[in-house]
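To keep things clear, I will list the structure first and then write my remarks on it.
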Amino acid sequence: MDHLDALESQSIYILREAFHPIDRLGLLWSLGKDSNAMVWLCRKAFMGRVPFPVVHVDTEKKFPEMYEFRERYTTEWNLTLIRGVCPPLEQIDPTLPPAARAAARKTAGLKALLERERFTGVLAGIRRDEEGTRAKERVFSPRGEAGQWDFRDQPPEFWDQYKTDFPPGTHIRIHPLLHWSEIDIWRYIRREKIPTISLYFAKDGKRYRSLGDQDITFPIESSARTIDEVITELETTKVAERSGRAMDHEAEDSFERLRADGYM
Amino acid sequence: MKDAPTPKRSPERPLARGDESDARLKIVIVGHVDHGKSTLVGRLLNDTGTLPEGKVQAIQAMCERRGMPFEWAFVMDAFQAERDQAVTIDAAHIWFNSARRGYVIVDAPGHREFVKNMVSGAASCDAALLVVDAAEGVQEQTRRHAYLLHLFGIAQVVVAVNKMDVVDFDRKRFAAVERDIRRYLGQIEIEPSRVVPVSARDGDNIAQPSSRSPWYKGPGVVEALDEFAAPRRLTDLPLRMAVQDVYHFDDRRIVAGRIESGRLEVGDTLLFSPSNKTVQLSGIEIWNTSRPLLQAEAGQSVGLALDQQIFVERGELISHAERPPVETNVFRGHLFWLGREPLAVGRRYKLKLNTLEVPVEVQSIDRVIDVDDLTLKEGAESDGAAIVERNGIAEVVMRSQAMLALDAFSDNPQIGRFVLVDGYDIAGGGIVNMRGYPDQRQLITARSTNIQAVGHAVDHRARTRRNRHGGGVIWFTGLSGSGKSTLAIQAEQRLFQQGYQVYVLDGDNVRGGLNANLGFSPDDRAENIRRVGEVAALFADAGFVVLSALISPYRSDRERARAAVDRLDQSSFHEIYIKAPLEVCEQRDPKGLYRKARAGEIADFTGISAPYEPPETPQLEIDTAEKSVEECLAALVDYIERTFSLAD
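Here the protein sequences come in this chain order: F and E.
In terms of this note's numbering, the first sequence is residues 1 to 264.
In terms of this note's numbering, the second sequence is residues 1001 to 1648.
Put into structure tokens, the structure is as follows:
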């Protein structure tokens, strides 16, 4: 087994551990590279199927390429798509810095959707290497009744034994990609030939390294126009992956606050 | 205010996070709070050129806002709560590369109250870096963390003696700390490969040798880590795969799971334990591969297609027929406890053993380990310690209703470990030790086929009419020297004189013939009792009152003897507890066995070096320490007459 095989096998194990006990399970499909890899891993785990709905929490501010991608692969991969809508910005905590406030809309949309669909488990494609607070996440991460994350009192998690018992009214976030790094994802996309949105590749000297809402996501300087070139770029860069995501940088703890409240 | 260090630029060493073909080595950084673990990690990342652009500047800005000197630990301490209190709350995972290989590095909190997070970070690591403050030396959490490493089976350890700048790189101070830590680690069978004097804050002996410690000739931390061997290969162990689920999305039934150790091949005969079903592997199902997979090995998540539709479910353990796992409903666990409520004897928890989830009860707490001096606090001789507090380490005996398939941790580290769930929470974890307990597999697996039992022409009622009493088994249990044989022989004589068909099966007597091929290992003792149980059942069926006088220390063996009698519908089984404290039995010592056992001449001696499990609800309890032989005999004979006699 090589390194990618080991990562893949661990993710399949996690997905199967989630699917067994959780009746109402959904997968957060942001259409980005990580969640596409996660959908792919589900098909590996479940013999070509995704045996639960995929959820797109739609801020209605995504790039047109993302909507096209969603329509095409919902059909091609035979997915059950549930679309979640987000409340208007006016209803969001005005004490948050502007970009974080815009991002918090997504949290509110997600909470409304969880309630409507009565999900007790949600698969999210976050990774430890993305950002400091995600580095401390659990694979099975319980959320309170209001969806909040209590990072001060996380459950112990070891030997691949996950927390699968939780009181009614709470839900669990499952993170099957937590142990992957950004470059692992790209190498896996290359090996498995997983379809990817064109925005990740350079056009006029710029490309998106991470995809969010159009108005709070910015491209980086890059000449990487193919997967191979993206991998070469990542092998040498010292720029953080989420540097183009405005909400991470407004205040020292703005991302931590977003996540404690239930952001992915 | 101290100037911020310059971020190290190393364009020649790329930021690649692990090579594609090479597994990264996972190392945990442990040690007492404030001994500088996070600082060391921050320094490692910087000096190996791993930090993203702008990180050092951002940390500098943070420190200035707080009016404090530059703090390397902020690289790892991501939460604001951590930065404000300058302690690590949770274990963080971070990647870095040395010239030799990639690492995943886990920074574990040193605070006592965060032991559960330390465990979460450390339990799956291949190796450890233990940080000790040069001025403070070995402290409580240094010892606790080291002990936990021992419990997780992490044997590869480098020690960094940190804050050498504070003690002016004093060679003698370093030697004293090195001696202390080596002595402690030696007691728990850990031999550190290197003990390195460092200053994490200033970067001495991390990636580069330091000019401030000319007396130190060994490697720096990065080089010492590079000396670690690659993790142990699990493919060399016997096949184990825990069933995760059984899928039937279409007309196929697929057994899903991950191979934990060993390897399998299409065509292999697979054994499922504890159901003991065997079936042939007809295919390995993997989606989106160009050619069929014919074999798979440890680490792979697979789907298995079987040549027959057998009923198996999540929790069963797959192996080959040769080298199967142990089967038992009782085991010894060496565990760490993280629960809010203490672990207590008699409490029930949910056991998670691989993918199996079953209720278990804590039968006894045999030892609680004091990490400070590594002494074992033995419980009172008869009932052990009553509780294990949060963050405590102990040796306990767990019992389940259901049969379990498992391996001792020393035989298979993937399979021989478990967690306990209390309510909704994972409250503890530990490793399996089978010392003193038998493998019950051979006792329950019927090997013969094509058997048809014949019916008797003389029925049970006819025998009872002629004997004027029913048949049944009076099963004694109790320590050696408690008085089982004495009472059995005298009761036999008295009952015979009253016209009973009665016979004593004595432990030592049957060992002369029926069980001459058995010794005193846990496995042999269990087989000894199984045979006596079956013979007793036959005697009872023949109309006899059978008195069996064996120590029979294990509950599961006695339950099996009861089941043997219950299979014959008219006989009855009566468990009689012949009770006497260990001290009394040892004082009587009629056969001189306790003396030999204490001298170490007899291994696995019940009450001394092997467990005795008293019955929970015996039909009769006879206290031979409190009552005279005549009183005991009267109580026993009275019970037998009431139970079996027809005369009224």
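C-beta atoms are modelled at their ideal positions from N, C-alpha and C, and glycine is treated no differently.
Note that the coordinates shown come from a computational prediction; the quantities given were computed from them, not determined experimentally.
task: Would you mind stating whether ILE1286 of chain E and LEU1293 of chain E have Cβ atoms separated by less than 7 Å?
output: yes
- prompt: ALA1549 of chain E to ILE1608 of chain E, Cα distance in whole Å?
  reply: 20 Å
query: If you measure from the beta carbon of SER1021 of chain E to each beta carbon in chain F, is any gap under 7 Å?
result: The predicted model places SER1021 of chain E with a pLDDT of 38, which falls under 50 and marks its position as unreliable, so this point remains unresolved.
- request: Could you please give me the residues that DSSP links to TYR1247 of chain E through a beta bridge?
  value: E:ILE1254
- prompt: So with Cβ pairs under 7 Å, would you call ASP1245 of chain E a contact of chain F?
  reply: yes
message: On the CB-based measure, 16 or more other CB atoms within 10 Å of its CB, does LEU1646 of chain E come out buried or exposed?
response: exposed
query: Looking at THR1050 of chain E and TRP1072 of chain E, is the spacing between their C-beta atoms short of 7 Å?
result: no
message: I'd like the span of the alpha helix (DSSP H) that includes THR1328 of chain E, first residue to last.
response: Unbroken run through THR1328 of chain E is the beta strand (DSSP E), 1326-1337; no alpha helix (DSSP H).
message: Considering Cα atoms alone, identify which of E:GLY1600, E:LEU1593, E:GLN1493, E:GLU1559 is closest to PRO1614 of chain E.
response: E:GLU1559
task: Compute the Euclidean distance between the alpha carbons of LEU1149 of chain E and SER1120 of chain E, then round it to the nearest angstrom.
output: 12 Å
message: Could you check whether the Cβ of LEU1239 of chain E sits closer than 7 Å to any Cβ belonging to chain F?
response: no
task: For GLN1363 of chain E, I'd like the list of residues in its chain whose CB is within less than 6 Å of its CB, leaving aside the five on either flank, ordered along the chain.
output: VAL1397, ARG1399
- prompt: Any contact of the segment 59-79 of chain F with the segment 1251-1271 of chain E, i.e. 3+ C-beta pairs under 8 Å?
  reply: no
- prompt: If you draw a straight line from the C-alpha of ARG1101 of chain E to the C-alpha of GLU1223 of chain E, how long is it?
  reply: 11 Å
query: Does the beta carbon of SER1120 of chain E come closer than 7 Å to any beta carbon on chain F?
result: yes
message: Using only CA atoms, which one of F:LEU7, F:HIS3, F:PRO64, F:ILE220 lies nearest to LEU178 of chain F?
response: F:LEU7
field: 7 Å Cβ cutoff, LEU1149 of chain E in contact with chain B
entry: Absent from the structure: chain B. Protein chains present are F and E.
query: How would you call ILE1451 of chain E, buried or exposed, if buried means at least 16 neighbouring beta carbons within 10 angstroms?
result: exposed
field: Of the residues F:GLU137, F:LEU211, F:ILE227, F:GLU157, the one placed nearest ARG190 of chain F, counting alpha carbons only
entry: F:ILE227
Reference GLN148 of chain F; option with closest CA among F:PRO176, F:ASP160, F:PRO156, F:LEU114: F:LEU114
Sequence-distant residues of the same chain with beta carbon closer than 6 Å to ARG1323 of chain E, five excluded per side: PRO1238
field: Option in E:PRO1325, E:SER1521, E:VAL1535, E:GLU1616 with minimal Cα separation from LEU1514 of chain E
entry: E:VAL1535
- prompt: Run through DSSP, which three-state label would ASP261 of chain F get?
  reply: coil
- prompt: Nearest to ARG1567 of chain E by CA position, among E:ASP1589, E:PRO1192, E:ALA1537, is which residue?
  reply: E:ALA1537
field: Neighbour flag for GLY1123 of chain E against chain F, beta carbons, 7 Å
entry: One detail in the question is off: residue 1123 of chain E reads as Ala in this sequence, not Gly. Yes, contact with chain F.
message: Taking 7 Å as the threshold (beta carbon to beta carbon), is MET47 of chain F in contact with chain E?
response: yes
message: Just to confirm, is the Cβ distance from THR1477 of chain E to SER1571 of chain E under 7 Å?
response: no
query: Does the beta-carbon of ASP1383 of chain E have 16 or more other beta-carbons within 10 angstroms, so that it is buried, or is it exposed?
result: Unreliable placement is indicated for ASP1383 of chain E, whose pLDDT of 48 sits below 50; the coordinate value is still reported in the next sentence. By the 10 Å Cβ count, ASP1383 of chain E comes out exposed.
- request: Output, in chain order, the set of chain F residues within a Cβ distance shorter than 7 Å of ALA1256 of chain E.
  value: ARG16
field: Reduced DSSP category for LEU15 of chain F - H, G, I as helix; E, B as strand; rest coil
entry: helix
query: In this structure, does DSSP put TYR200 of chain F in helix, strand or coil?
result: helix
task: Compare the beta carbon distance of PRO1325 of chain E and ASP1407 of chain E with 7 Å and say whether it is the shorter of the two.
output: yes
- prompt: beta strand (DSSP E) containing ALA1296 of chain E: first to last residue?
  reply: 1295-1297
Endpoints, the beta strand (DSSP E) within which VAL1312 of chain E is located: No beta strand (DSSP E) contains VAL1312 of chain E, which DSSP labels as neither H nor E.
- request: Measure the alpha-carbon distance for VAL1056 of chain E versus ASP253 of chain F and round it to whole angstroms.
  value: 17 Å
- request: Examine chain F for any beta-carbon lying closer than 7 Å to the beta-carbon of ILE1578 of chain E, and answer yes or no.
  value: no
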